[in-house]
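Note that my numbering has the sequence shown beginning at 2, numbered continuously upward.
All C-beta atoms in this analysis are idealised placements derived from N, C-alpha and C, irrespective of residue type, glycine included.
To start, the structure itself, in structure tokens.
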Amino acid sequence: RVELRTLESVPAMALFAVTTFVLFRFGLDRETLEGSLAAGVLLATVLFAAILAINRIFLAEREQGGFDLIRLAPIDGTALFAAKVVALLVYLGALELVAVPAFAFLFMDEWTGLAPLVPVLLLADLGLAVTGALVSAIAVNSRARDLLAPLILLPLLVPVMIAAAGAAEPLLAAGGPSYADFGQWVAVLALYDVVFGLVGYAVYDFLLED
């Protein structure tokens with residue numbers, strides 16, 4: 002609701018993504034991308050756009066005393082963690098509604114690989130949201146939170162990017178999508194999401210106390 006009123010994060014993320022695609026279009030001097038290069042450009046752009054939202058997801062709690070109110074309320078502290086994960090998922094979904102068509106318009110001749118790409122992006126978004134909410138809660142009380150959050154987050158997201166790129170590469174291949182090793186990479190993404198979701202659930206109360 003706050004984002005709908007202020008429009009601080011999602012428009013900035015979408016503008017960043019579209020601008021990055023334009024820079025890649027002219028920087029690489031290529032009108033079409035395929036395979037691993039296409040997957041890398043798309044997923045890296047989504048990742049760095051997501052960092053804009055992750056850095057701000059706990060800003061209201063920090064500036065307006067929300068953490069203290071959550072601790073005083075008779076609810077499980079992990080409810081805040083779940084709420085922030087859902088909020089980040091909504092942000093990422095809104096971002097990709099703009100970014101994926103922009104990517105296809107700038108770099109793809111055929112859009113047949115976009116439909117099977119949806120589950121890959123959903124699982125990657127869940128990994129970004131779970132890890133981002135956890136790391137942002139750690140970094141929010143630091144003076145260098147805008148620097149600290151990406152430094153902690155990016156190494157943790159390496160498995161997500163590897164698995165998502167591995168699943169997306171055959172879908173964006175020349176000549177139409179194929180499904181070589183698709184299930185294996187999707188399983189890796191799902192496992193990552195489950196593991197970090199459980200870690201966040203287990204440690205979040207302690208993060209609130211600290």
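Option nearest GLU32 by Cα separation, candidates THR7, LEU107, ALA150: The residue with the shortest Cα to Cα distance from GLU32 is LEU107.
Please name the residue in ALA174, GLN185, LEU8, PRO117 whose C-alpha comes closest to that of ARG57. When each option's Cα is compared against that of ARG57, the closest is LEU8.
CB contact flag (MET162, LEU44, <7 Å): It is a contact, given that the beta carbons lie within the stated cut-off.
Is the stretch 121–129 close to the stretch 162–174, with three or more CB pairs under 8 Å? Per the Cβ contact rule, the stretch 121–129 is in contact with the stretch 162–174 (3 or more Cβ pairs under 8 Å).
Just checking my contact of ALA150 with VAL136 at CB under 8 Å: how many whole Å lie between their CB atoms? Contact holds; Cβ gap of about 6 Å.
Are the beta-carbon atoms belonging to TYR180 and THR79 less than 7 Å from one another? Going by C-beta atoms, TYR180 is not nearer than 7 Å to THR79.
Using beta-carbon positions only, say whether ALA13 and LEU53 come within less than 7 Å of one another. Yes. Within cutoff.
Reference ALA116, options VAL131, LEU81, PRO171, closest by Cα: Comparing alpha-carbon positions, the option among VAL131, LEU81, PRO171 lying closest to ALA116 turns out to be PRO171.
Pair within 7 Å by beta-carbon distance, ALA168 and GLY36: Taking C-beta atoms as the reference points, ALA168 and GLY36 fail to come closer than 7 Å.
Distance CB(PHE207)-CB(ALA134) smaller than 7 Å: No, the pair does not count as a contact, with Cβ atoms beyond the cut-off.
Coil, strand or helix - ARG26 by DSSP: Correct three-state label for ARG26: helix.
Determine whether the beta carbon atoms of LEU90 and ALA15 lie at a separation below 7 Å. Taking 7 Å as the cut-off, the beta carbon of LEU90 is found no closer than this to the beta carbon of ALA15.
Where does the unbroken alpha helix (DSSP H) through SER10 begin, and where does it stop? According to the DSSP assignment, SER10 belongs to no alpha helix (DSSP H), since it is labelled neither H nor E.
How about ALA103 and VAL19: are their beta carbons less than 7 Å apart? One thing to note: ALA103 has its Cβ within 7 Å of the Cβ of VAL19.
Same chain, Cβ closer than 6 Å to PHE197, five either side skipped, listed in chain order: So the qualifying residues of the chain are VAL131, THR132.
Can you tell me whether LEU129 is buried or exposed, with buried defined as 16 or more other CB within 10 angstroms of its CB? If you draw a 10 Å sphere on the C-beta of LEU129, you find 16 or more other C-beta atoms in it, and that means buried.
Buried or exposed: where does THR21 fall if 16 or more other Cβ atoms within 10 Å of its Cβ makes it buried? Classification of THR21: buried, given that the 10 Å Cβ count is 16 or more.
In angstroms, rounded to a whole number, what distance separates the CA positions of GLY176 and ALA203? Across the structure, GLY176 and ALA203 are spaced so that their CA atoms are roughly 45 Å apart.
Return yes when the Cβ of LEU93 is within less than 7 Å of the Cβ of ASP194, no when it is not. By the CB criterion at 7 Å, ASP194 and LEU93 fall outside the cutoff.
Does the beta-carbon distance from PHE27 to VAL42 come in below 7 Å? Taking 7 Å as the Cβ cut-off, PHE27 and VAL42 do not qualify as a contacting pair.
Below 8 Å on the Cβ atoms is my guess for LEU199 versus LEU48; work out the distance and round it to an integer in Å. Their Cβ separation, rounded to whole angstroms, is 22 Å, which puts LEU199 and LEU48 out of contact at 8 Å.
Please state whether DSSP places TYR180 in a helix, a strand or coil. In the structure shown, TYR180 sits in coil (DSSP, three-state: anything other than H, G, I, E or B).
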